[in-house]
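A short worksheet on the structure shown next.
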Ligand SMILES: *Cc1c(COP(=O)(O)O)cnc(C)c1O
Ligand SMILES: [Zn+2]
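Residue numbers (this note's numbering): 198 to 610.
Below you can see the structure in the form of structure tokens.
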């Protein structure tokens with residue numbers, strides 16, 4: 198880690214808790230000294246380390262050994278043959294962050310980086326503006342490391358996501374408004390209080406944590422960058438960082454050079470990035486979110502501009518799916534692979550299905566789907582849309598009656 202650098206003008210800043218350029222308000226990004234990193238990293242060195250995201254620590258923005266979230270990451274990459282057949286593609290992989298440790302979403306990656314770095318910079322109170330999963334992650338990981346946490350969420354989030362923040366003892370503030378209003382308030386609070394806001398003043402460090410998902414995909418594929426990756430987008434940060442992770446792997450010689458596309462997925466009810474891409478624009482128009490994919494409901498995506506750039510530059514596609522298609526995507530993944538993803542996963546699967554059907558992802562290709570969160574957190578979205586429990590008395594006769602009607606039902610299906 199060498200400096201913070203403005204993505205617009207390239208001016209460099211010290212490695213402090215800041216996130217915007219003073220000259221043009223461009224976002225700051227962590228810059229690395231790749232020459233010295235090249236001297237110390239190798240496939241063998243990485244493979245010899247424990248199976249967590251910190252096996253790539255030279256490419257993550259901490260100065261010392263990480264102190265927070267040391268067990269996070271290295272989630273399974275599943276070869277999804279049954280889903281591949283259903284979607285009509287030769288080879289399909291699922292990167293399953295629905296089982297990321299400890300709070301079952303990829304946000305544990307960004308939070309362990311943000312909190313490790315916050316510690317290094319001397320903070321003892323952390324905070325975030327969240328669509329749900331980030332709040333869970335900040336609350337849990339702050340508790341485990343003895344830091345005080347304030348989490349700000351839209352008041353109408355799924356119950357599981359609210360409970361999953363409260364249980365750790367964090368101060369949970371529900372804002373009557375949507376995420377963009379939560380975020381605006383948090384920017385004001387961050388300016389006034391000396392807290393580490395993981396996705397405001399700590400954003401340059403925080404965002405880098407997402408790269409670990411891409412590093413793992415490359416390593417788990419045998420040090421190969423996949424030709425197609427489908428990523429769901431809220432702020433668009435994860436998509437840009439998966440791209441950056443592939444670039445770094447290639448740049449450092451850890452993966453071989455090759456063409457790849459990083460496709461973006463959104464919910465039709467909040468699709469500022471995919472709409473802009475489909476309209477051939479390089480900027481997005483803010484929208485008011487209305488979707489069951491609450492974790493992706495950001496109408497003014499902070500990294501939307503850069504996500505559009507990655508999609509364009511890798512020759513990729515972006516698309517969006519309706520709430521019904523999201524539920525269908527969740528069911529497909531569950532029924533084919535036994536993976537229960539949250540609504541955001543339904544978005545990824547639904548958009549992948551569309552891109553394969555239209556030939557944007559060729560049928561003879563290989564693709565990776567990034568599953569980012571767990572279905573147990575978004576039960577509301579599917580209740581009334583899955584089968585029902587068959588209730589009987591504890592009697593063999595009643596069970597056999599049920600079995601008969603059940604087999605009649607299945608044979609007539
Ligand atoms: C936050 C989140 C995303 C996307 O995050 P961005 O980096 O803001 O695009 C995707 N999936 C889930 C489940 C999330 O919680
Ligand atoms: Zn600048």
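We treat Cβ as the ideally placed atom computed from N, Cα and C, and that holds for glycine.
Note that this is a predicted model, so its numbers are computed, not measured.
Determine the burial state of residue 254: buried for a count of at least 16 other Cβ atoms within 10 Å of its Cβ, exposed for fewer. Counting from 1 along the chain shown, the entry for residue 254 is found at position 57. By the 10 Å Cβ count, residue 254 comes out buried.
If you pair each beta-carbon of the segment 209-226 with each one of the segment 418-432, do three or more pairs fall below 8 angstroms? no
Threshold first: 4 residues or longer. Then list the alpha helix (DSSP H) segments lying entirely within the segment 355-394, N to C. 356-363 and 376-389
Identify whether residue 466 lies in helix, strand or coil by the three-state DSSP scheme. Position 269 of the chain shown holds residue 466. DSSP places residue 466 in coil when its eight states are reduced to three.
Going by DSSP in three states, residue 609 sits in which element: helix, strand or coil? Position 412 of the chain shown, counted from the first residue, corresponds to residue 609. Any reading at residue 609 must be qualified, since the residue scores a pLDDT of 49, below 50, and its modelled position is unreliable; no value is offered.
Would residue 570 and residue 492 qualify as a contact pair, given that the criterion is a beta-carbon distance under 7 angstroms? Locating residue 570 in the chain shown gives position 373, counting from the first residue. Locating residue 492 in the chain shown gives position 295, counting from the first residue. Against a cut-off of 7 angstroms, the Cβ pair of residue 492 and residue 570 comes out as a contact.
May I ask you to check if the CB of residue 464 is nearer than 6 angstroms to at least one heavy atom of ligand 1? Residue 464 sits at position 267 when you count from the first residue of the chain shown. Because no heavy atom of ligand 1 lies under 6 angstroms away, the Cβ of residue 464 does not count as near it: no.
Cβ pair count under 8 angstroms reaching 3, the segment 322-335 against the segment 375-395: yes
Could you tell me if residue 554 is buried or exposed, where buried requires 16 or more neighbouring beta carbons within 10 angstroms of its beta carbon? Working through the chain shown from its first residue, we reach residue 554 at position 357. Residue 554 sits exposed, since fewer than 16 C-beta atoms from the chains shown fall within 10 Å of its C-beta.
Between which two residues does the beta strand (DSSP E) harbouring residue 331 extend? In the chain shown, the residue the question calls residue 331 occupies position 134. Element bounds for residue 331: not the beta strand (DSSP E) but the alpha helix (DSSP H), 330-341.
Can you tell me where the alpha helix (DSSP H) with residue 536 in it begins and where it stops? Locating residue 536 in the chain shown gives position 339, where the first residue counts as 1. Neither: residue 536 is in no alpha helix (DSSP H) and is coded neither H nor E.
Helix, strand or coil, according to DSSP, for residue 491 in the structure here? Here the question's residue 491 lines up with position 294 in the chain shown. Correct three-state label for residue 491: helix.
Give the straight-line distance between the Cα atoms of residue 584 and residue 334, rounded to the nearest whole angstrom. Walking along the chain shown from the start, residue 584 turns up at place 387. Walking along the chain shown from the start, residue 334 turns up at place 137. C-alpha separation (whole angstroms): 31 angstroms.
Could you check whether residue 250 and residue 227 sit closer than 7 angstroms to each other, using their CB atoms as the reference points? Against the chain shown, residue 227 aligns to sequence position 30. Against the chain shown, residue 250 aligns to sequence position 53. If you check the CB distance, residue 227 and residue 250 do not come in under 7 angstroms.
The alpha helix (DSSP H) that contains residue 454, what's its start and end? What you label residue 454 is simply residue 257 of the chain shown in a count that begins at 1. Neither: residue 454 is in no alpha helix (DSSP H) and is coded neither H nor E.
Can residue 301 be considered in contact with ligand 1, in the sense that its beta carbon sits closer than 6 angstroms to one or more heavy atoms? Within the chain shown, the letter at position 104 stands for residue 301. Incorrect: residue 301 has no Cβ contact closer than 6 angstroms to ligand 1.
How about residue 208: is its Cβ closer than 6 angstroms to a heavy atom in ligand 2? Working through the chain shown from its first residue, we reach residue 208 at position 11. Yes, the Cβ of residue 208 comes within 6 angstroms of a heavy atom of ligand 2.
Would DSSP call residue 440 helix, strand or coil? Taking the first residue of the chain shown as 1, we reach residue 440 at position 243. Annotated three-state conformation of residue 440 is helix, per DSSP.
Where does residue 643 sit, in a helix, a strand or coil, going by DSSP? The structure shown does not extend to residue 643, since the chain is modelled only from 198 through 610, so no value can be given for it.
Alpha-carbon to alpha-carbon, residue 392 and residue 344: Looking up residue 344 in the chain shown gives position 147. Looking up residue 392 in the chain shown gives position 195. Between residue 344 and residue 392, the C-alpha separation is close to 11 angstroms.
Is any non-hydrogen atom of ligand 2 found closer than 6 angstroms to the C-beta of residue 500, if you look at the structure I gave you? Numbered from 1 along the chain shown, position 303 holds the residue referred to as residue 500. Every heavy atom of ligand 2 is 6 angstroms or more from the Cβ of residue 500, so no.
By a C-beta neighbour count over all protein chains shown, 10 Å radius and 16 as the cutoff for buried, is residue 564 buried or exposed? Against the chain shown, residue 564 aligns to sequence position 367. Flag for residue 564 reads buried.
With residue 516 as the anchor, note down where its beta strand (DSSP E) starts and where it stops. In the chain shown, counting from the first residue as 1, residue 516 sits at position 319. Its beta strand (DSSP E) spans residues 515-518.
DSSP three-state assignment for residue 254, whether helix, strand or coil: Stepping through the chain shown from its first residue, residue 254 is reached at position 57. Here residue 254 sits in helix by DSSP.
Residue range of the unbroken alpha helix (DSSP H) whose run includes residue 276: To locate residue 276, count along the chain shown from 1; it is residue 79. Residue 276 -> not in any alpha helix (DSSP H); beta strand (DSSP E) instead, spanning 274-276.
Return the chain-ordered list of same chain residues with a C-beta closer than 6 angstroms to the C-beta of residue 300, the five sequence neighbours on each side being excluded. In the chain shown, the residue the question calls residue 300 occupies position 103. Excluding residues up to 5 positions away in sequence, 333, 334 and 337 lie with their Cβ nearer than 6 angstroms to the Cβ of residue 300 in the same chain.
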